[in-house]
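Beneath this line is the structure, given in structure tokens, with notes to follow.
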Amino acid sequence: MSDSEDDVPSEIENVAKETISNLLASKSKELYEMAYKRYEDWCRLKNVKITSEKAILAYFSEKAKSQKASTVISTTE
């Protein structure tokens, strides 16, 4: 499954953004946003245009090569 902003109506996008902003505590939100930024940076570096299961698996596979499993888990929670 992939998420493309072009495929999501703006009304649904707005509801999702509002829901996400209300779900996360401020400290958790900062950590989540930093982890997501690292993923976005990786996507740009690898020329990944659409988030997909394969892209996420490749991202975590690369992280696992250079970090212990506990580090990968703790930096993405």
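The sequence shown maps to residues 580 to 656 in this note's numbering.
Each residue gets a CB set at the ideal place from its N, CA and C atoms; glycine is no exception.
What residue range does the alpha helix (DSSP H) around residue 598 cover? Annotation for residue 598: the continuous alpha helix (DSSP H) segment containing it runs 589–602.
Run of the alpha helix (DSSP H) containing residue 586, from where it starts to where it stops: From DSSP, residue 586 is part of no alpha helix (DSSP H); its letter is neither H nor E.
Per DSSP, which residues does residue 659 bridge with? Please list them. In the structure displayed, the chain extends from 580 to 656; residue 659 sits before or after that span and is not available.
Taking 8 Å as the cut-off, decide whether the C-beta atoms of residue 622 and residue 634 are in contact. Going by beta carbons, residue 622 and residue 634 fall inside the 8 Å limit.
Hey, residue 638 and residue 618: beta-carbon distance below 8 Å or not? Contact check for residue 638 against residue 618 passes: the beta carbons are separated by less than 8 Å.
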